[in-house]
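Asks: Handing you this structure, nothing more for now.
Protein chains: 4
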Amino acid sequence: MEAPSATKETNGPTNGQAHPPPDMYLQPTQRATGNFTEELEGQKTSENISGIRSALGLHSNAPIAEEHDLAEHQDLMWSRVKLALREPLAEFFGVFILVLFGDGSVAQVLLSNKAGTSTQTTAPGGSGFGAYQSISWGWGLGVMLGIYVAGDSGAYLNPAITFANCYYRQLPWRRFPMYFLAQFLGGFVAAGVIYANYVNAINAYEGGPGLRTVPPAPNATAGVFCTYPQPFLTKTSQFFSEFIASTILMFVIFALKDESNNGASKGGGNWFPLGLFFLIFGLGACFGWETGYAINFARDFGPRLMSFALGYGHEVWSAGGYYFWIPMVAPFCGCWFGGLLYDGFIYTGESPVNTPWLGLKYLIRPDLAVKARIERRRRLEAQGTPV
Amino acid sequence: MEAPSATKETNGPTNGQAHPPPDMYLQPTQRATGNFTEELEGQKTSENISGIRSALGLHSNAPIAEEHDLAEHQDLMWSRVKLALREPLAEFFGVFILVLFGDGSVAQVLLSNKAGTSTQTTAPGGSGFGAYQSISWGWGLGVMLGIYVAGDSGAYLNPAITFANCYYRQLPWRRFPMYFLAQFLGGFVAAGVIYANYVNAINAYEGGPGLRTVPPAPNATAGVFCTYPQPFLTKTSQFFSEFIASTILMFVIFALKDESNNGASKGGGNWFPLGLFFLIFGLGACFGWETGYAINFARDFGPRLMSFALGYGHEVWSAGGYYFWIPMVAPFCGCWFGGLLYDGFIYTGESPVNTPWLGLKYLIRPDLAVKARIERRRRLEAQGTPV
Amino acid sequence: MEAPSATKETNGPTNGQAHPPPDMYLQPTQRATGNFTEELEGQKTSENISGIRSALGLHSNAPIAEEHDLAEHQDLMWSRVKLALREPLAEFFGVFILVLFGDGSVAQVLLSNKAGTSTQTTAPGGSGFGAYQSISWGWGLGVMLGIYVAGDSGAYLNPAITFANCYYRQLPWRRFPMYFLAQFLGGFVAAGVIYANYVNAINAYEGGPGLRTVPPAPNATAGVFCTYPQPFLTKTSQFFSEFIASTILMFVIFALKDESNNGASKGGGNWFPLGLFFLIFGLGACFGWETGYAINFARDFGPRLMSFALGYGHEVWSAGGYYFWIPMVAPFCGCWFGGLLYDGFIYTGESPVNTPWLGLKYLIRPDLAVKARIERRRRLEAQGTPV
Amino acid sequence: MEAPSATKETNGPTNGQAHPPPDMYLQPTQRATGNFTEELEGQKTSENISGIRSALGLHSNAPIAEEHDLAEHQDLMWSRVKLALREPLAEFFGVFILVLFGDGSVAQVLLSNKAGTSTQTTAPGGSGFGAYQSISWGWGLGVMLGIYVAGDSGAYLNPAITFANCYYRQLPWRRFPMYFLAQFLGGFVAAGVIYANYVNAINAYEGGPGLRTVPPAPNATAGVFCTYPQPFLTKTSQFFSEFIASTILMFVIFALKDESNNGASKGGGNWFPLGLFFLIFGLGACFGWETGYAINFARDFGPRLMSFALGYGHEVWSAGGYYFWIPMVAPFCGCWFGGLLYDGFIYTGESPVNTPWLGLKYLIRPDLAVKARIERRRRLEAQGTPV
């Protein structure tokens, strides 16, 4: 889907420095003072680690604060591993926190509200430990806190968002595989932790330790881990619901990240994580019913695979008319389209959409894309920007 | 309704530069450093685009960051269209996002809570996918995210607010038509997207694909798109409810935008979007029951027209005793009155209220208003402020 | 209760300048740069207005931004009235907004939830237009937005908080009467607006236009305007509940305003209004049940008097065993005690508690308090701080 | 558990200055300008107070703003007591506020929702004064406001977090006992205030003034004060639930405090308290059902002891299979593990994990830890950093 063939020539491991630092995640003031640049220059990432990192598709220099880089512990084996895998570790733990809170909120609301059992009556107020809105809170703040955790990798936390940043924002395509793997594993492991935490409650809800069922079974608990569509939806509507939510997600994220947009970028302060809380909360409150607003391969497929491994059976794939592929594919389509909308109508900076034929020319003439990329690097080098 | 005849002489297309940049949307620190001014001077908006923009009632220079303006893509056709329609596009997408979240939240809460159907029982907790409070969240964060998206146009997102800014804050009246059109279209299109997303659920709720009914019909779904009043309201109360909500809206927005008010403007940070979240949330929680707090021509009439186009029938106009005109007119009256209250009792800066007879003199002597405007431009030019 | 006799000699109208600007409401950075001082010096408040303001107990110079003060409209009658009454107008509208949202939220939740009537069934979800939590939102964001509106007066919005600032933070006692009057009127008028907005719904809830009843009557609507205690409370518990909530209110506000407390004051940004949202929300969610967390003379007595004027009868005073005086008195006691706790255990700056005998010496030797005040003014003058 | 033997030699009272100021709680900009350092140098804490403070395990210089330190009241007895106990007082009141809001929210939701009594029917909307989500709000904003109050002590508010900061972040171990005592007392006293406030409601709920019962008794009110586990949990699950919640707590706090993590530290503004609101809210919404997310010795044991003193009987200890020790022990284990995860995979600064054998070498060679600590102090002194 995202074969980086067109860019491989210029982005191979041998010239790992050949891309800008991920400074789209820095605040404008930081850019202005250029302190990130200084950090990069001050770094002492060894040749050895640089080689490994380039081979993994990462920038040859790990994003690490200068004063930490000078610490004497760089010769320790584990510290070198951390350095080599810095961004993947950040993405892993970002998605890990995201899914812990997200799946945890579904688990608590679903499992504590079973009518006719003793779980509900123990709640203060007698109506369970949370309602649907708790789930909006859980996913919203999970994304917010995940972004705080994964600050050093760009905090994409979603393969479709990584994909759109490669497509529209010059993130090198060779980053994609490692980021993708880390994000998927974060969701996979977090689902296992949620299962371990709620296993007693799942047993009580299903009716016994041996029972594990998938919606629309009456006591199904598989919905704790991944999304299942409402029964009244056609296949087209399943796809459209995920598609439109992903489109909104990417459109608003690009607006929040757009330095030339007065709405979000001016006035200082790191409002992005809080903005994402509101965005994800809103998607849950306004587009979360029909298909559960997966909008994220890592958040849906990772836990789905874990639930399969935990014994929920083949129905995790076949439920909803083999719905499982929709939250794998639709987020990529939706984020691509959301980026197209934003770049096509609002964004004025460097984007394939702001090239001839709205960027479609590159599709039939990939050599032009390569040429534009080389051109761009030369311009940045001439300006003294580290590339 | 707001014929700009009195100001046309001085604001015709021929002197498009004759107004200040919309710097009331910048933070104080930005004004101080004057970086917006530099951006404007650095711009290379071609003569051709300037002419089109002036003809549309926009400032002759598009608000665009300097480094983006230097990009080589300005010679592309689509990039020129984007530049010519920059503010209308921003307003369109701002209202688009606003109505997507707002109408989406109503759709989800209303359609997922039908007693006696299968939609409700699938909810974690068994009581639908959201309650009334979700709707407060939806509209509140819709406005917040819409403001982030529409930062480059001023993010009015509401014709009545544009109107009040023309009346009280020297926004040129000739801006109004294009902003109005863009805002209306944003609401219109967003309602169509919501319909496409929830069409299966609407069918299930109404009882079939051919049924589309308007409150107070028992299975009515027209309330997803636009507002309908409670049955116990008199016509006066319908108007008053919209009027008082719009008054509060404008009063608080002017307070939040008032640079000389220590409450909001001091201490740095772009708190305006978050403040609007709380304001809209509060209007929904405190004044949202009786008439649904439309307080916005674009948010109500746009989706109402779309629902008419989608087959909800003549009742979208006749319901509530031909209530439909109230959310068209009352917001203008309310925002005008809210501005009058704020300028009349709190605001100390330049405002028609701070002129002889509380500004009423201008109503009978429009030549004085024109003279004051010319005077003002001269003073700003003498200070070196770009006008 | 707060007779300013001890301080009158030094604070009479003749030396109106003899107190510092209310810069405890400025951010630290503003103090450092002293821009508020410059504003004051640049002001051209006429002798005439200064005299009126001093006679009203206000600072002789109105808090107004310099560039506004230079505007030519200072010779207009109404502009001079606004200038003379600047802080009272700010407090009036601050409490007005506060009570509009607060009472509005109670009205909407209470009146839209009557079982067995048609009002409830029209709600999306079928359970009324809001639940108890909406009321926490309403009061919390009402305070937040009221603070934004009333930034130029200090935004006390509560006579007990004004009182504690006079007692502990050197706000001149002669400010108290005008602030008190403005705050009371704000609550009084806002309650009338809420009544006008919800009169149809009140009629429907009570059972007819002529019926106006007070809790514990079954269809009582008086609770929309002011607080009534739960029936199981003793008089002592009524008092204690208001007392402890007011204590927490003042304790946390003093912490949030304490420049020497790293918790709130460092790191920049105007977090105070948002902090107050959470504080008031929390008081509603944690201490709001028993007596309705009035914690504010203006918020409770103002609307109570309005409801009496609107025909709710003598029961507005006699309900709950003549409970009405408790939200008048307890907030003053609680805020006094909260200030004592904060200054006695945390605050290290200038406070009567940080004087001999924890400040109690001043109670028996008021001449010492006067002497300390004179001493303080001299010290500030020597430092060049405007007093 | 946290015997500070290994470090005592270098951290005895005689060299109280031998540790850095708690500047991990300052914003990056403050560090850069070094204004905290200047404050310390400007301090005039008397020799006498310094000695007492060192004996208590505190830094010899109290954290106090310079201009306050110059005030003439330092010779007052009570002011000296405040100075000597500055951090413990801050921690006491921080936990006090935290537990007031937290326990208060549980009390209001639990006690106002008893089916079949008159308490519920008085609620606007008829369903009690709050639902489970109110409790998430209560604890979340309690922590947030507690952090604002306790800014001068570091605002740990939790012995397990103090412990992890000693272990991973070079907070001297001798701080632990006083902080621990203050935190415990804060929770203990706050529970008493909550009892005093809600004693009438507790009587009504239990059925009489003499009745005080513990879950799973049908009218139990002991859950107001401390946590009791769900009946379906095994002992292992009880422990795991507290463990995983504490792990997440520490992991995210370390991320939010990590200056080298772009996620939270860059862009300015004091976002930490708001971030903690979302974190605690999330733990309540996602991990709060099974064991009540105590995650804090002081929050659970303090109120538990108070409820025992108030007559809830031996069951406060024996309930849930002598569950009471789990919220005492699990938070320490969880916070230790959360810190290990963060430092082991993300953190690049100075930490025992970033030493040979992931820090485990220090366990068998404590002399190396001492040596490293001395080494570190020398390096800081050479750089001119006050230690």
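Residue numbers (this note's numbering), protein chains in the order written: chain A, 333 to 719; chain B, 333 to 719; chain C, 333 to 719; chain D, 333 to 719. Just so you know, even glycine gets a beta-carbon here, dropped at the ideal spot from N, CA and C.
1. Expressed to the nearest angstrom, what Euclidean distance is found between the alpha-carbon atoms of Ser-386 (chain B) and Ala-422 (chain B)?
2. Please classify Leu-692 (chain C) as buried or exposed, where buried requires at least 16 neighbouring CB atoms within 10 angstroms.
3. Closest Cβ-Cβ distance between Leu-611 (chain B) and chain E: below 8 Å?
4. Quick check on Asp-355 (chain A): does DSSP put it in helix, strand or coil?
5. Could you pull out every residue in the same chain whose Cβ sits closer than 8 Å to the Cβ of Ala-455 (chain C), ignoring the five residues on either side in sequence?
6. Please report the residue range of the alpha helix (DSSP H) in which Ala-514 (chain B) lies.
7. First and last residue of the alpha helix (DSSP H) that includes Phe-619 (chain C)?
8. Is the separation between the beta-carbon of Ser-382 (chain A) and that of Phe-613 (chain A) shorter than 8 Å?
9. With a 10 Å radius around its C-beta and 16 neighbouring C-beta atoms as the bar for buried, classify Asn-380 (chain A) as buried or exposed.
10. Would a C-beta distance cut-off of 8 Å place Ile-627 (chain D) and Leu-588 (chain D) closer than the cut-off?
11. Are three or more beta carbon pairs between the segment 614–626 of chain A and the segment 568–587 of chain A nearer than 8 Å?
12. Just verifying my parser: in three-state terms, what is the DSSP assignment at His-400 (chain A)?
13. Distance check for Gly-486 (chain A) and Leu-513 (chain A), CA to CA, integer angstroms please.
14. For the segment 472–499 of chain C, which residues have a beta carbon sitting closer than 8 Å to at least one beta carbon of chain B?
15. Does the beta carbon of Gln-562 (chain B) come closer than 8 Å to any beta carbon on chain C?
16. Compare the C-alpha of Tyr-655 (chain C) against each of C:Tyr-560, C:Tyr-644, C:Leu-673 and name the closest.
17. Which residues of chain D have a Cβ atom closer than 8 Å to the Cβ of Thr-454 (chain A), listed in chain order?
18. Cβ closer than 9 Å: which chain B residues qualify as neighbours of Lys-414 (chain C)?
19. Distance check for Lys-446 (chain C) and Ile-620 (chain C), CA to CA, integer angstroms please.
20. If you scan the segment 647–692 of chain B from start to end, which runs of the alpha helix (DSSP H) of 4 or more residues do you find wholly inside it?
21. Around the Cβ of Ser-650 (chain B), are there at least 16 other Cβ atoms within 10 angstroms (buried) or fewer (exposed)?
22. With distances taken between CB atoms, is the gap from Gly-595 (chain D) to Val-584 (chain A) smaller than 8 Å?
23. Is the segment 521–531 of chain A close to the segment 499–511 of chain A, with three or more CB pairs under 8 Å?
24. So for Leu-372 (chain B), helix, strand or coil by DSSP?
25. Can you list the residues of chain C that Phe-619 (chain B) reaches, using a CB-CB cut of under 8 Å?
26. Hey, quick one: how far does the alpha helix (DSSP H) through Asn-497 (chain A) stretch, first residue to last?
27. Suppose contacts are defined by Cβ-Cβ distances below 8 Å. Is Leu-430 (chain D) in contact with Gly-474 (chain D) by that definition?
28. Quick one, which of B:His-646, B:Gly-670, B:Phe-640 has its alpha-carbon nearest Gly-524 (chain B)'s?
29. In three-state DSSP terms, what is Trp-505 (chain C)?
30. Run through chain C and tell me which residues come within less than 8 Å of Ala-533 (chain B), C-beta to C-beta.
31. With respect to the alpha helix (DSSP H) encompassing Asp-632 (chain A), which residues constitute its N-terminal and C-terminal limits?
32. Within a Cβ cutoff of 8 Å, which residues of the same chain sit near Ala-533 (chain D), ignoring the five residues on either side of it in sequence?
33. Compare the beta carbon distance of Asn-490 (chain B) and Gln-515 (chain B) with 8 Å and say whether it is the shorter of the two.
34. What's the C-alpha gap between Asp-632 (chain C) and Gly-470 (chain C)?
35. Which chain C residues sit within Cβ distance under 7 Å of Ala-596 (chain B)?
36. Kindly say whether Asn-602 (chain A), judged by its beta-carbon, lies nearer than 8 Å to any beta-carbon of chain D.
Replies: Based on what the coordinates show:
1. Whole-angstrom Cα-Cα distance: 17 Å.
2. Exposed, since its Cβ has fewer than 16 Cβ neighbours within 10 Å.
3. In the structure shown, chain E cannot be found, because the protein chains are A, B, C and D.
4. Reliability fails at Asp-355 (chain A), whose pLDDT of 37 lies under 50, so the model's placement of it is uncertain and no value is given.
5. Counting only Cβ-Cβ distances below 8 Å, and skipping sequence neighbours, we find Ser-444, Phe-461.
6. 508–538
7. 604–619
8. no
9. Burial call: exposed.
10. no
11. yes
12. helix
13. 15 Å
14. Answer set for the segment 472–499 of chain C: Leu-473, Gly-474, Met-476, Leu-477, Ile-479, Tyr-480, Val-481, Ala-482, Gly-483, Asp-484, Ala-487.
15. yes
16. C:Tyr-560
17. Pro-547, Pro-548, Gln-562, Pro-563
18. Those are Gly-676, Phe-677, Ile-678, Tyr-679, Thr-680, Asn-686, listed as they occur along chain B.
19. The sequence shown places Gly at residue 620 (chain C), rather than the Ile named in the question. Between Gly-620 (chain C) and Lys-446 (chain C), the C-alpha separation is close to 21 Å.
20. 647–654, 658–677
21. exposed
22. no
23. Cβ pair count under 8 Å is below three, so no.
24. The predicted model places Leu-372 (chain B) with a pLDDT of 42, which falls under 50 and marks its position as unreliable; any figure quoted below should be read in that light. Helix at Leu-372 (chain B).
25. Gly-436, Gln-440, Asn-529
26. Segment 491–500, the alpha helix (DSSP H) holding Asn-497 (chain A).
27. yes
28. Residue B:Phe-640 holds the alpha-carbon nearest to the alpha-carbon of Gly-524 (chain B) among B:His-646, B:Gly-670, B:Phe-640.
29. coil
30. Under the 8 Å cutoff, chain C gives no residues; its nearest Cβ is about 13 Å from Ala-533 (chain B).
31. Counting along the chain, the unbroken alpha helix (DSSP H) around Asp-632 (chain A) starts and ends at 629–639.
32. Ala-439, Leu-443, Ser-444, Thr-451
33. yes
34. 15 Å
35. Tyr-480, Gly-483
36. yes
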